[in-house]
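Quick note: the first sequence uses this note's numbering, first residue 70, plus one each step. These notes concern the structure reproduced below.
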Amino acid sequence: MVTITFTNSKSGKEEIFEPINPQNVRLYVCGPTVYDRAHLGNARPVVVFDILYRLLQHVFGKQNVSYARNITDIDDKIIERAGIENVAIDVLTRTTHRWFRDDMAELGVDYRDDPRFFEPRATEYIDEMLRMITGLIAQGHAYEAERHVLFSVESYSDYGCFSGRSVEDMIAGSRVEVAPYKKNPMDFVLWKPSADDQPGWESPWGFGRPGWHIECSAMSHALLGESFDIHGGGADLKFPHHENEIAQSKCFSPNSDFARYWLHNEMLQVDGKKMAKSVGNFFTVRDLLDQSIPGEVIRFVLMSTHYRKPMDWTQKKIRDARTILRKWHDMTMDVSAGTPPHAIVEALASDLNTAAALAELHRLASEGDVQGLKSGADFLGLLQSGSDGWLNADPENVDSRLVEKVEYWINRRAAARADKNYSRADEIRANLASIGIMITDSPNGTTWEQDLEHEHLGNWEMLE
RNA sequence: GGUGAGUUGGCGGAGUGGUUACGCAGCGGAUUGCAAAUCCGUGUACACCGGUUCGAAUCCGGUACUCACCUCCA
Numbered sequence: 070m071v072t073i074t075f076t077n078s079k080s081g082k083e084e085i086f087e088p089i090n091p092q093n094v095r096l097y098v099c100g101p102t103v104y105d106r107a108h109l110g111n112a113r114p115v116v117v118f119d120i121l122y123r124l125l126q127h128v129f130g131k132q133n134v135s136y137a138r139n140i141t142d143i144d145d146k147i148i149e150r151a152g153i154e155n156v157a158i159d160v161l162t163r164t165t166h167r168w169f170r171d172d173m174a175e176l177g178v179d180y181r182d183d184p185r186f187f188e189p190r191a192t193e194y195i196d197e198m199l200r201m202i203t204g205l206i207a208q209g210h211a212y213e214a215e216r217h218v219l220f221s222v223e224s225y226s227d228y229g230c231f232s233g234r235s236v237e238d239m240i241a242g243s244r245v246e247v248a249p250y251k252k253n254p255m256d257f258v259l260w261k262p263s264a265d266d267q268p269g270w271e272s273p274w275g276f277g278r279p280g281w282h283i284e285c286s287a288m289s290h291a292l293l294g295e296s297f298d299i300h301g302g303g304a305d306l307k308f309p310h311h312e313n314e315i316a317q318s319k320c321f322s323p324n325s326d327f328a329r330y331w332l333h334n335e336m337l338q339v340d341g342k343k344m345a346k347s348v349g350n351f352f353t354v355r356d357l358l359d360q361s362i363p364g365e366v367i368r369f370v371l372m373s374t375h376y377r378k379p380m381d382w383t384q385k386k387i388r389d390a391r392t393i394l395r396k397w398h399d400m401t402m403d404v405s406a407g408t409p410p411h412a413i414v415e416a417l418a419s420d421l422n423t424a425a426a427l428a429e430l431h432r433l434a435s436e437g438d439v440q441g442l443k444s445g446a447d448f449l450g451l452l453q454s455g456s457d458g459w460l461n462a463d464p465e466n467v468d469s470r471l472v473e474k475v476e477y478w479i480n481r482r483a484a485a486r487a488d489k490n491y492s493r494a495d496e497i498r499a500n501l502a503s504i505g506i507m508i509t510d511s512p513n514g515t516t517w518e519q520d521l522e523h524e525h526l527g528n529w530e531m532l533e
């Protein structure tokens, strides 16, 4: 049996992973709020925890691991967006959810046929949330005020322990807005009133909707039980979201552990800066796919940095990943995947060291172990498809007139080469290269492809 | 102001108290009409200042810099 270790955010230390029940290993990860296309930052935890899920399945057996990743489909951002676009909330969330699933599938994260994967939508668990809120009020951890229900942070002495903050510090240094009905400025909303034109549900406290944090407590409780093994999410969720989740769940089920191991992935940056619309470096996964960057390349880049380190997204990484994957695809074209090499599993078992796992693939490649390479890559969700899809220009996307033009020039060049007129042959090759058409000679003839990042791509006028 | 993460060779990026990470790029060579690809070989490193140690890039303390989070509230 492989020993798995994780850095547990709860303790800040690397710990040996021991599941509550090896026959029922349970993982919960905070999923997206569905109001827009997933941006690249959203993709990082999805890929990181996909790797974790694969590892757990490998070590404990596929049927013994459950994974729940929620869909937040009730949220003020959703209400706002639906208003702006004048669409029904339900239409917005279902469409966005579908986009999310499709985009993530491109990155090799696809659980469509997996009975142990759960993707609960918050609005399907309102009853569970109401039950939990009622329980928290009954136990004195929450109170009603002006149609809101608030969690009382003073009722939970460990509040702040998880994220390493004291209630005093948070109030002292910062911009906590004090609502008049709050007993303590840090108290957070479990339930809030909805206007008639806002989505809502009947509750003991009037027509309203849940606060953000309660949904994850309710869904993990319903699907995985009051104690489960691993809770994951982005580092930005540590506070307040996860702190609040812990407070709610531990107060509701005082004898539970809630989540025993917490894993947080660090944030993604773009060219050294936070990805933000205001900085102008904001883009979605779909944007990248539309630029003909294969999902596999995106996945590779995301895996090349350890999950607990900030990752910087750059063009160079995309280029490098392309080069490497192209090579590996070529090497493993006719190989089918088998059991992953032990060293790959070991690398992941060591606090999800994906970069070390990729290094191991490099080692296998340089040793010519194509079977090991294919098997290891397959385990990591790479080299899934044949190389035809993206190594060469996709025939469906290439204009037949372009093919004709390129072939015309290739034939001219072949004639020149046959005449040993090499300066003419080189001139043709240089001309094609200047508009982004790269050609390569091989014993079987001349092949070509487009450099999709080339600035003069397809600019045939330049050849005249 | 509080909290956390980070700082490794041209670039990316692991790891470890004493031994080459690895990849990309570069350089030299083989091969090719020439390129490309491939193969062989090769250089460069651990932010700064102290401390612990026979020995630290790896442990401890401090400094600098970078990044993130610290609002659910109209």
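Quick reminder that beta carbons are idealized off the backbone N, C-alpha and C, glycines included. Computed from a prediction, not measured in an experiment: that's the story for all the values here.
Whole-Å CB distance - residue i paired with residue j, under 8 Å assumed
i      : j      : result
Cys99  : Leu306 : 6 Å
Pro249 : Arg216 : With a Cβ gap of about 13 Å, Pro249 and Arg216 do not count as contacting.
Ser318 : Phe327 : 4 Å
Glu87  : Phe75  : About 11 Å separates the two Cβ atoms, so there is no contact after all.
Gly364 : Glu175 : 3 Å
Leu442 : Met400 : 6 Å
Arg95  : Asp298 : 5 Å
Ser444 : Pro409 : 5 Å
Glu415 : Val116 : Not a contact, Cβ separation roughly 20 Å.
Ile143 : Ala191 : 5 Å
Contacting residues, own chain, Cβ-Cβ under 6 Å from residue i (five flanking each side not counted)
i      : result
Ala390 : Val366, Phe369 and Val370
Glu465 : Model confidence at Glu465 stands at a pLDDT of 49, short of 50, so the residue's coordinates are unreliable; what they give is reported in the following sentence. None.
Leu526 : Gly505
Arg482 : Ala494 and Ile497
Phe118 : Val98 and Gly301
Ala264 : none
DSSP three-state assignment for residue i, whether helix, strand or coil
i      : result
Pro279 : strand
Glu83  : strand
Pro262 : strand
Leu394 : helix
Gly514 : strand
Asp145 : helix
Gly301 : strand
Leu337 : strand
Glu365 : helix
Tyr491 : helix
Tyr330 : strand
Ile73  : coil
Tyr212 : strand
Leu124 : helix
Lys342 : strand
Trp270 : strand
Val472 : helix
Ile387 : helix
Length of the line joining the Cα atoms of residue i and residue j
i      : j      : result
His210 : Met201 : 11 Å
Tyr225 : Glu197 : 21 Å
Asp420 : His108 : 25 Å
Ile120 : Leu449 : 7 Å
Lys131 : Ser361 : 33 Å
Thr214 : Lys252 : In the sequence on display, residue 214 carries Ala and not Thr. If you take the alpha carbons of Ala214 and Lys252, they lie about 9 Å apart.
Thr203 : Thr102 : 25 Å
Tyr376 : His333 : 8 Å
Gly301 : Ser78  : 10 Å
Tyr122 : Asp403 : 28 Å
Asn155 : Gly277 : 21 Å
Asp468 : Gln519 : 12 Å
Glu476 : Lys342 : 44 Å
Ile85  : Ala412 : 18 Å
Arg234 : Val222 : 12 Å
Phe352 : Lys385 : 17 Å
9 Å Cβ cutoff met for residue i and residue j
i      : j      : result
His311 : Trp331 : yes
Met336 : Arg138 : no
Met288 : Tyr136 : no
Leu219 : Phe257 : yes
Met173 : Asp182 : no
Val348 : Arg106 : no
Asp227 : Ala316 : yes
Ile147 : Leu125 : no
Leu433 : Ser373 : no
Ala499 : Tyr491 : no
Asn133 : Pro184 : no
Asp381 : Val439 : no
Contact set for residue i: own chain, Cβ-Cβ below 8 Å, skip 5 residues either direction
i      : result
Cys285 : Tyr97, Cys99, Asn139, His310 and Glu314
Spatial neighbours of residue i in its chain, beta-carbon cut-off 7 Å, leaving aside the 5 residues before and after
i     : result
Phe30 : There is no way to answer for residue 30, as the model of the chain reaches only from 70 to 533.
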